[in-house]
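Residues in the sequence shown are numbered consecutively from 28, following this note's numbering.
Everything on this sheet refers to the single structure shown next.
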Amino acid sequence: MSRRAFSRSQKTTIMYGILSIVVIIVILQLWLVTATMNAFLGGRDMVIIPAGIASTICFLLNAGLLWYVYAMERR
């Protein structure tokens, strides 16, 4: 069974949703960097690895959303 391509208005709605999620993730990453630097400068070195893992997960989420946008445009 063949899937129909999204209409222009559906693509616009999807793009606004994805953009909103990306903005939230980027704000989360900025907060994460700020909190990590604050903790690191306060002498707590143990926060670096968990913060790096969380930041990597945020990056992968954004990369997955970008991949979805490219895949949606190819259809």
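Even for Gly, the Cβ is constructed at its ideal location relative to N, Cα and C.
Quick caveat, the model's predicted, so the values are computed rather than measured.
Query	Result
Helix, strand or coil at ARG101 according to DSSP, with G and I counted as helix	helix
The stretch 79-89 / the stretch 53-70 touching (three or more Cβ pairs under 8 Å)	yes
Inter-residue Cα distance where the pair is GLY91 and ARG31	22 Å
CB of VAL89 within 7 Å of CB of VAL50, strictly	At residue 89 the sequence reads Asn, which differs from the Val that was named. Contact: no.
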